[in-house]
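Everything on this sheet refers to the single structure shown next.
2 protein chains.
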Amino acid sequence: MVLVSPRNPLNIGAVARAMANFGFKHLSVVDPYEPHWREARSAVGAPDLLEKAHQTLSLADAVRDCTLVLGTGTLTHRKPEQPVVRLDELAPFVARELDRGGRIAVVFGPEKHGLTREDLSHCQVLVEIPTDRQQPSMNLGQAAAVCLYELAIRQTPAIPISQGFDIESDSDSTVGESNIVMEPIPTSGNLETLASLVEQVMVAANYSPKIMQKANQHDLRLTLRRLRLRAHDVRRLLGLFRRILRRLQRDPS
Amino acid sequence: MVLVSPRNPLNIGAVARAMANFGFKHLSVVDPYEPHWREARSAVGAPDLLEKAHQTLSLADAVRDCTLVLGTGTLTHRKPEQPVVRLDELAPFVARELDRGGRIAVVFGPEKHGLTREDLSHCQVLVEIPTDRQQPSMNLGQAAAVCLYELAIRQTPAIPISQGFDIESDSDSTVGESNIVMEPIPTSGNLETLASLVEQVMVAANYSPKIMQKANQHDLRLTLRRLRLRAHDVRRLLGLFRRILRRLQRDPS
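Top to bottom, those sequences are chains B and D. FYI, the numbering used here numbers position 132 of the first sequence as 245, with every residue one higher than the one before it. FYI, the numbering used here numbers position 51 of the second sequence as 164, with every residue one higher than the one before it.
Listed below in structure tokens is the structure:
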């Protein structure tokens, strides 16, 4: 779970509590407002995971090791650039990712305006909580609880009631700690490396006029996340583009 | 939704907000602590439904018109006397009740100790939110959000996704305002054009030894088909690789 620039210490505490309720352990906080962050961490009864939370300067750093990054938010003001999946339709994506040994991050934006377009460019999928049109915007702690509930029940599937016996749930295994390895998939960090190499090639090939570089960078990031590249695709592309770059740099023109 | 003797005005407000988020309108409050109840109702931005809430002296009064009364709580200390249903298993009960024109109440107890045995005797079913054993007890506002989410999605069933990330097609029919437009997909011919251009670049960059060319060609074709590129991705890649190729061919080495 990743919180980008959270403001309200009560909300940070509420998110941490929901994580503990549903058996999640890894919290990262990007660029928090320091006094409030300290306050949240030192609150009475704050769960352990808040003490152990990672603090990073950028969202890119926070999701570097993740293979599926889920952004959250309401869609009222923005036309999303990535696929949108309703929270209650998310199960197959999560299952597939965990089956192939991936690590999932769920990202929440600041209370006031949510994730920015730039933040969302690090996400493969935008998760929409199906709220009422009259009042679409949820409180951060409640939105986190609902998302974590949905993710948690996918890992301990319900036993049909007719059988009526008790299960020893293995709530120890949380999202993001699955270790079945199928096919290696690239992490966010791998994709960032590739994106920056492709950018260098674009510049070296004089493909992208200076004025377009920022926009291209954004598009490129979105595109690489949409393509579901595998780890070996990324390695090959890195190899090819490195070669191209070396060649281009030798070109005197 | 029925709250029995809630104490914390922030929690009352959070419950009301979650109700508004998920489109629920009828709140009853049993025997509230008056000053806090007044405070919650007069809070800035309190949803309408808080103003219109019913106040009763007993739980029996609050659920008088309901046909299915769902109690909530954790089961750590108590051996329940009624059937227990996990929240994520609740759907069939709810569907059946609504189909036959019933009215459902969801009842939450006071923050500190939850519903008493006496309270629970008014409930047909005890709903258990599947929380972690280490930290089973949820915040009232978050527990309400999770329950209301689960009830709400049963009324606007999700469209099954069976095809991976190809969700553009019928996302119109989801809750909210999805505005993703069907996007043209590249033809096999487009992909072949791209593949042969990439091959030329590989050769020009001396990336692929002669002996590997056949194998690379095959892999490249497979990869391009696997990536679910869109028509505009193909156009862009063509533009970029054409540029690279021209540059490489100028290179004297």
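Just so you know, even glycine gets a beta-carbon here, dropped at the ideal spot from N, CA and C.
Rounded straight-line distance, which links the Cα of residue j to that of residue i
i: L304/B; j: R338/B; result: 8 angstroms
i: V157/D; j: G126/D; result: 10 angstroms
i: L253/B; j: L351/D; result: 43 angstroms
i: R343/D; j: H345/B; result: 21 angstroms
i: R230/B; j: E231/D; result: 51 angstroms
i: T187/D; j: L162/B; result: 22 angstroms
i: V347/D; j: L307/D; result: 7 angstroms
i: T185/B; j: S141/B; result: 15 angstroms
i: D332/B; j: M325/B; result: 11 angstroms
i: P119/D; j: P223/D; result: 5 angstroms
i: P122/D; j: V117/B; result: 28 angstroms
i: H167/B; j: I266/D; result: 33 angstroms
i: D212/D; j: T180/D; result: 12 angstroms
i: R363/D; j: P196/B; result: 40 angstroms
i: S291/D; j: L203/B; result: The predicted model places S291/D with a pLDDT of 32, which falls under 50 and marks its position as unreliable, so this point remains unresolved.
i: M114/D; j: G215/D; result: 14 angstroms
i: R246/D; j: G136/B; result: 8 angstroms
i: V143/D; j: A256/D; result: 18 angstroms
i: T359/D; j: F354/B; result: Before going further, note that residue 359/D is Arg rather than Thr in the sequence given. R359/D and F354/B: Cα-Cα distance of roughly 15 angstroms.
i: L172/D; j: N124/D; result: 19 angstroms
i: L361/B; j: E210/B; result: 38 angstroms
i: V316/D; j: N329/D; result: 11 angstroms
i: Y146/B; j: R341/B; result: 34 angstroms
i: D178/B; j: R151/B; result: 26 angstroms
i: S155/B; j: K165/B; result: 12 angstroms
i: D174/D; j: L239/D; result: 19 angstroms
i: P205/B; j: P322/B; result: 41 angstroms
Close Cβ partners of residue i (< 7 angstroms) along its chain, the five nearest in sequence each way excluded
i: I357/B; result: V314
i: M251/B; result: I242, T244
i: V182/B; result: V176, A218, V220, H235, C236, Q237, S301
i: V75/B; result: No answer is possible for residue 75/B: it lies beyond the span of chain B, which begins at 114 and ends at 366.
i: L261/B; result: A131, M132, F135, F137
i: H226/B; result: none
Contact list for residue i against chain E, beta-carbon separation under 7 angstroms
i: V259/B; result: Chain labels in this structure do not include chain E; the protein chains are B and D.
Three-state class that DSSP yields for residue i in the structure shown
i: Q276/B; result: In this prediction, Q276/B has a pLDDT of 29, which is less than 50 and means its spatial position is unreliable; nothing more can be read from the coordinates.
i: T306/B; result: helix
i: T336/D; result: helix
i: H345/D; result: helix
i: F354/B; result: helix
i: L394/B; result: This structure cannot speak to residue 394/B, because chain B is shown only from 114 to 366.
i: S301/D; result: helix
i: Q248/B; result: coil
i: L361/D; result: helix
Residue i: CB within 7 angstroms of a non-hydrogen atom of the ligand NAD
i: L361/D; result: This structure simply doesn't include the ligand NAD, nor any ligand for that matter.
Cross-chain neighbours of residue i in chain B, by beta carbon under 7 angstroms
i: F135/D; result: T244, D245
i: T336/D; result: D346
Residue i: contacting residues in chain B (beta-carbon distance under 8 angstroms)
i: R356/D; result: A318, N319, Y320
i: P160/D; result: Q248
Residue i: contacting residues in chain D (beta-carbon distance under 8 angstroms)
i: M251/B; result: R130, A131, N134, A258
i: M315/B; result: L353
i: D178/B; result: In chain order: nothing, as chain D lies at least about 22 angstroms away.
i: R230/B; result: Neighbours of R230/B on chain D: none; closest Cβ ~15 angstroms, over 8 angstroms.
i: L310/B; result: Near L310/B there are no residues of chain D at all, since even the closest Cβ is about 13 angstroms away, more than 8 angstroms.
8 angstroms Cβ shell around residue i - same chain, five flanking residues per side excluded
i: N319/D; result: none
i: A159/B; result: G126, A129, A153
i: D201/B; result: P243, E263
i: L170/B; result: V143, D144
i: V259/D; result: L200, I242, M251
Contact set between residue i and chain D, taken where Cβ atoms lie within less than 9 angstroms
i: D144/B; result: The premise fails here: D144/B is roughly 25 angstroms from chain D at the closest Cβ pair, so nothing lies under 9 angstroms.
i: I217/B; result: Result: empty, since nearest Cβ-Cβ is about 15 angstroms, beyond 9 angstroms.
Contacts that residue i makes with chain B (C-beta to C-beta distance below 9 angstroms)
i: G254/D; result: A127, N252, G254, Q255, A258
Cβ neighbours of residue i in the same chain (closer than 6 angstroms, five flanking residues each side left out)
i: R199/D; result: E241, P243
i: L310/B; result: F354
i: L233/B; result: G184
i: P297/B; result: A344
Quick one: which unbroken alpha helix (DSSP H) runs of 4-plus residues sit fully inside the stretch 172 to 242 of chain D? Chain order, please. Correct list: 172 to 175, 204 to 212, 230 to 233.
Could you tell me which uninterrupted beta strand (DSSP E) segments, each at least 3 residues in length, are contained entirely in the stretch 115 to 164 of chain B, listed from first to last along the chain? Taking only runs of at least 3 residues, the beta strand (DSSP E) segments lying wholly in the stretch 115 to 164 of chain B are 115 to 117, 141 to 143.
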